[in-house]
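Numbering (this note's numbering), first residue to last: 1 to 118.
The beta carbon of each residue, even a glycine, is placed where N, CA and C say it ideally should be.
Here's what the structure looks like:
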């Protein structure tokens, strides 16, 4: 059974930091391309950051320089360090795992709420 379990969300003041974690099981984590997406109320889900199996990274322009994605293959976990948080970062953050080479699959986590407010 595949599971992607996000944690680390919460309420934080503008300028603050949070670290999201996504613990996975049931997938071959080391070959998966991992991403974080977010969805704010009334908006479409958008890509925030991604890290490939070879540790190449990419970021949305809106979070470059503030967010850092990383992975620990020994723990089957991907992280999103979020600094200098802004109210517009408020959203439900989702973990995504994908593989599309010799076969293809993708899975989503259930999401974790991040609220940036004073």
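The beta carbons of residue 51 and residue 69 sit about 5 Å from each other, so the pair counts as a contact at 8 Å. Distance from the CA atom of residue 12 to the CA atom of residue 114, rounded to whole angstroms, is 8 Å. Classified as exposed, residue 88 has fewer than 16 neighbouring CB atoms from the shown chains inside 10 Å of its CB. Closest in alpha carbon position to residue 102, among 35, 71 and 31, is 31. Contact between residue 36 and residue 49 holds: CB atoms are separated by about 5 Å, below the 8 Å threshold. For residue 52, DSSP records no beta bridge to any residue.
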